[in-house]
Structure formats: structure tokens, C-alpha cells
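Peer 1: Quick one: the structure is below, and I'll ask about it shortly.
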Amino acid sequence: MFIAPSKLRHPFALTTSLLCVMILLVLCSCGTPHKTYNYENFTKNLSGTGTQAGEEFYTFNSGASFSLKWTSLAASDSTESSASPVSIYADLRGPYATMDAMKKAMTPQGVTGTIVKSMPVIQTDDWTNKTYQYDFQLDKNLKAGFYILSQKVNSAHATLTYNSEIRIGA
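All residue numbers for the sequence shown refer to this note's numbering, where the first residue is 57 and numbers rise by one.
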């Protein structure tokens, strides 16, 4: 049975009670603030450096290895109810016969070419404050030529890529 507010003894009390309930619902729907982290800190310095015509690239022999590291960086606080997944991975594409051919393989849409080596995907989230490392071992039978090492971090917000140019010696 509906009772008109004018018939109630205290219509203001009903309005105030409804307002309080609405405020409580809004406050309860807000999550607890959490610190978030991103992994945009790519490994930008591999061991071994060579130059050709003023261009910098990394020189390795087949079978060599280098370490890739992703260190978490503090980001903004979040009130999301759960962490967002983050995937970290890298792959090596090539060989390209010349440095020019390698440069042409890097397009705004990504890197084109055959993947000759990839690392297992590291699964984490944006609430985890941790450093991840992977030792990237080049195959011993890798052909001489130019290669592109693409490091990628994929999150709910964006996919970020950092490319390194590598030359494998004969």
C-alpha cells in the first residue's frame, strides 16, 4: 500500500533516509585504492655494440645470449576491484639481408618478418611490483644477417613495443 508523503508524519525523514541509503550504495561501490605498476621500462642496452654508417646496432655471434629485464615502475593509484592483466614477451625476427631491408620491416603496424626465436610469455598484473628477467639465448645455427628484437608489454591500457636492431656475425 502506497502512502503519500503528505500523509506521513515526517516526510523529511523518509527523504533523508533514502538519500543516506543512496550515499551508502555509492560509497560501497568504490573500490579500495591500490597502487598500480607498469612495465614500460624496456631493456634498451644489450651487451655488444657495433656501428655501420653512423647507425647503431648490436652485434652477436650465433649461440650468444643476452639478458632482458622489465622493472616495474610506480603508476597511479586505482580503485578498480581487481588488477588488470599484463603480458610481457619478446621475439626475434629475421634474417634480413641488409640494414635497409631490416628498417623497412619496422612499420607503424609492427614488425614484419619471420619469427626465429621467441620467449615464453610472462603473465603478471598491474598490482604486482616485481622485476622480471629472461635470458634470451640465440640459436647456434642462426644465419648471419640483420634481425629485430621486439620487446612487448600488453596491458588493458595499451600494447607498447621497443625494437632493437641486431646483427648476427658469420
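Glycine is no exception: its CB is placed at the ideal position from the N, C-alpha and C atoms.
Out of 114, 93, 151, state which residue places its alpha-carbon closest to the alpha-carbon of residue 220.
Peer 2: To locate residue 220, count along the sequence shown from 1; it is residue 164. Closest by alpha carbon: 114.
Peer 1: Closest to residue 224 by CA distance: which of 170, 191, 196, 159 is it?
Peer 2: Here residue 224 refers to the residue found at position 168 when the sequence shown is read from its first residue. That would be 196, whose Cα lies nearest to the Cα of residue 224.
Peer 1: Compute the Euclidean distance between the alpha carbons of residue 135 and residue 120, then round it to the nearest angstrom.
Peer 2: Your numbering for residue 135 matches position 79 in the sequence shown. Your numbering for residue 120 matches position 64 in the sequence shown. Going from the Cα of residue 135 to the Cα of residue 120 covers about 44 Å.
Peer 1: How should residue 142 be labelled, buried or exposed, when 16 other C-beta atoms within 10 angstroms of its C-beta is the threshold for buried?
Peer 2: Position 86 of the sequence shown holds residue 142. Residue 142 should be labelled buried.
Peer 1: So for residue 175, helix, strand or coil by DSSP?
Peer 2: Here residue 175 refers to the residue found at position 119 of the sequence shown. Correct three-state label for residue 175: coil.
Peer 1: Between the Cα of residue 209 and the Cα atoms of 150, 144, 140, which residue gives the shortest distance?
Peer 2: The residue given as residue 209 occupies position 153 in the sequence shown. Ranking 150, 144, 140 by Cα distance to residue 209 puts 144 first.
Peer 1: Rounded to whole angstroms, what's the CA-CA distance from residue 187 to residue 137? Just pull it up for me.
Peer 2: Working through the sequence shown from its first residue, we reach residue 187 at position 131. Working through the sequence shown from its first residue, we reach residue 137 at position 81. Using only the alpha carbons, I get a separation of about 24 Å.
Peer 1: How would you call residue 182, buried or exposed, if buried means at least 16 neighbouring beta carbons within 10 angstroms?
Peer 2: Here residue 182 corresponds to residue number 126 of the sequence shown, with the count starting at 1. Per the 10 Å Cβ criterion, buried.
Peer 1: Residue 150 and residue 218: beta carbons closer than 7 Å?
Peer 2: Here residue 150 is taken as the residue at index 94 of the sequence shown, counted from 1. Here residue 218 is taken as the residue at index 162 of the sequence shown, counted from 1. In this structure, residue 218 does not lie closer than 7 Å to residue 150 by Cβ.
Peer 1: Start and end of the alpha helix (DSSP H) containing residue 159?
Peer 2: As a first step, residue 159 is located in the sequence shown; it is residue number 103 there, counting from the start. First-last of the alpha helix (DSSP H) with residue 159: 155-161.
Peer 1: By how many angstroms is the C-alpha of residue 175 removed from the C-alpha of residue 94?
Peer 2: Position 38 of the sequence shown holds residue 94. Position 119 of the sequence shown holds residue 175. So the alpha carbons of these two residues sit roughly 20 Å apart.
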